[in-house]
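*Asks:* Counted the way my numbering counts, the sequence shown spans residues 1 to 244. Where is the CB? At the ideal position from N, CA and C, for every residue including glycine. In this text the structure is predicted, and so the values were computed from the model without any measurement.
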Amino acid sequence: MFEGFRKLYAGEKVFSRQLALFSICGIVGLFNALVSLDKLALAEVTLIQKCAFLFLWILFAFFLTGYETLFLHERHIPEIDMNSLKLVLSKTLLFVFLFSIPLGIIAMFFPKYTSVAFFIEICLSVPLTMLQAGFSYQFQDCDAGMLFVKFGIKEYFMFIFKRLWIIILSYLSTYILVFMIFFIAGLVIALMYRGDLTSIGFIISANQTLITKLSNFIAGIFLMYFLTIGTLVWDYDVIKTYEK
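1. Note the first and the last residue of the continuous alpha helix (DSSP H) segment covering I218.
2. Taking just the CA atoms, how far does I184 sit from T65?
3. Going by C-alpha to C-alpha distance, which of K112, I101, L93, M158 sits closest to C142?
4. Going by the beta-carbon positions, is the gap between D237 and K150 smaller than 9 Å?
5. For the pair the segment 99-114 and the segment 46-55, tell me if three or more CB-CB distances fall below 8 Å.
6. In angstroms, rounded to a whole number, what distance separates the CA positions of I122 and I80?
7. Check each candidate in S136, L223, Q138, L214 and name the one with the smallest Cα separation from I176.
8. Measuring alpha carbon to alpha carbon, tell me which of F55, G230, T241 ends up nearest A77.
9. What residues in its chain sit with their C-beta under 7 Å from that of F5, if we drop five residues either side in the sequence?
10. Terminal residues of the continuous alpha helix (DSSP H) containing K50?
11. Please report the distance separating the alpha-carbon of I58 from that of P127.
12. Output the boundary residues of the alpha helix (DSSP H) element that contains I184.
13. Between I203, V178, M180, which has its C-alpha nearest I189's C-alpha?
14. Can the beta-carbon of L147 be found less than 9 Å from the beta-carbon of I239?
15. Could you check whether L98 and T69 sit closer than 9 Å to each other, using their CB atoms as the reference points?
16. Just the Cα atoms here: how many angstroms apart are Q138 and L187?
17. Using DSSP with H/G/I as helix, E/B as strand and the rest coil, what is I80?
18. So the candidates are F71, S90, K213, W165; which of them puts its Cα closest to the Cα of F31?
19. Out of Y171, G134, I167, T114, which has the shortest C-alpha to C-alpha gap to E320?
20. T129 and D235 look like a contact to me (Cβ under 8 Å); what is the Cβ gap, rounded to whole Å?
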């Protein structure tokens, strides 16, 4: 899996392409954080706003379906352009994309069933990615099922485990990063007030809601980015396992 990670951070224009990908993930992550604040009763999200975010999320899923396939084809981080969207209009990728729509609706409007949607997404992730990987070689629908010839039950559960592990690592990396940001901010405040615990405690208490919202937004941005990068690395591992 480290080979896939290296492919994402090497090559021409890697910084500008990573920055563009981070920006797109950041926008979706901000809206996702806003919805999570609504669940924590720290912000009010209207039905219209939820519908707007669902549309944004579906558009992101549409883009990511093509972007993943381009990455599997080019074997380096692709340029963000219309090619990612045009690819999804093929029969195979449109079929893969359509599975994400009901899962997004459940996560947005029926939060009680989010865990069920997550379980379904994990179970479907392997066969759907195999379709993308097969299609990525020549962008031909007839090639989409080629990976199914080689993979069996053992490989299926192996990739399920790796997918779960990547999700755990993404959350862990996000929490560590957010902790480091606020830890450094705390040190700066402590130096500014020369270690006056009373003043520091008052500032934290007075801005508790603001700190919670800010940490949620930062976490939402980086979590979406880490999950996207993790998905691309996992996709690469699927196709390289087939080739080996």
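*Replies:* Short version:
1. Indexing the sequence shown from 1 puts residue 218 at position 218. Boundaries of the alpha helix (DSSP H) harbouring I218: 208-243, taken from the DSSP string.
2. To locate residue 65, count along the sequence shown from 1; it is residue 65. To locate residue 184, count along the sequence shown from 1; it is residue 184. Spanning the two alpha carbons is a distance of roughly 37 Å.
3. Mapped onto the sequence shown, residue 142 falls at position 142. Looking at the Cα atoms, L93 is the closest of the given residues.
4. Position 237 of the sequence shown, counting from 1, holds the residue named residue 237. Position 150 of the sequence shown, counting from 1, holds the residue named residue 150. Between D237 and K150, the CB-CB gap reaches or exceeds 9 Å.
5. Yes: at least three Cβ pairs fall under 8 Å.
6. Translated into the one-based positions of the sequence shown, residue 122 becomes position 122. Translated into the one-based positions of the sequence shown, residue 80 becomes position 80. Rounded to the nearest angstrom, the two C-alpha atoms are 26 Å apart.
7. The residue given as residue 176 occupies position 176 in the sequence shown. Out of S136, L223, Q138, L214, L223 has the C-alpha closest to the C-alpha of I176.
8. Locating residue 77 in the sequence shown gives position 77, where the first residue counts as 1. Inspection of the sequence shows that residue 77 is occupied by Ile rather than by Ala. It is G230.
9. If you number the sequence shown from 1, residue 5 lands on position 5. If you ignore the 5 residues before and after F5, its C-beta comes within less than 7 Å of the C-beta of V233, all in its own chain and listed in chain order.
10. Here residue 50 refers to the residue found at position 50 of the sequence shown. Taken as a continuous stretch (DSSP letters only), the alpha helix (DSSP H) holding K50 covers 47-74.
11. Reading the sequence shown from its first residue, position 58 is the one you call residue 58. Reading the sequence shown from its first residue, position 127 is the one you call residue 127. Going by C-alpha positions, I58 is about 20 Å away from P127.
12. Translated into the one-based positions of the sequence shown, residue 184 becomes position 184. Judged by DSSP secondary structure, I184 falls within the alpha helix (DSSP H) whose first and last residues are 153-192.
13. Here the question's residue 189 lines up with position 189 in the sequence shown. Closest option to I189, Cα to Cα, is I203.
14. Start at 1 with the first residue of the sequence shown, and residue 147 comes out as number 147. Start at 1 with the first residue of the sequence shown, and residue 239 comes out as number 239. Cβ atoms of L147 and I239: closer than 9 Å.
15. Walking along the sequence shown from the start, residue 69 turns up at place 69. Walking along the sequence shown from the start, residue 98 turns up at place 98. No, they are not a contact pair.
16. Mapped onto the sequence shown, residue 138 falls at position 138. Mapped onto the sequence shown, residue 187 falls at position 187. Cα-Cα distance, rounded: 54 Å.
17. One-based indexing of the sequence shown puts residue 80 at position 80. It is coil, neither helix nor strand.
18. Working through the sequence shown from its first residue, we reach residue 31 at position 31. Ranking the options by Cα distance to F31, first place goes to K213.
19. In the structure as shown, the chain starts at 1 and stops at 244, and residue 320 therefore has no counterpart that could be examined.
20. For the purposes of this step, residue 129 is taken as residue 129 along the sequence shown, with counting starting at 1. For the purposes of this step, residue 235 is taken as residue 235 along the sequence shown, with counting starting at 1. Right, the Cβ-Cβ distance comes to about 6 Å (below 8 Å), so this counts as a contact.
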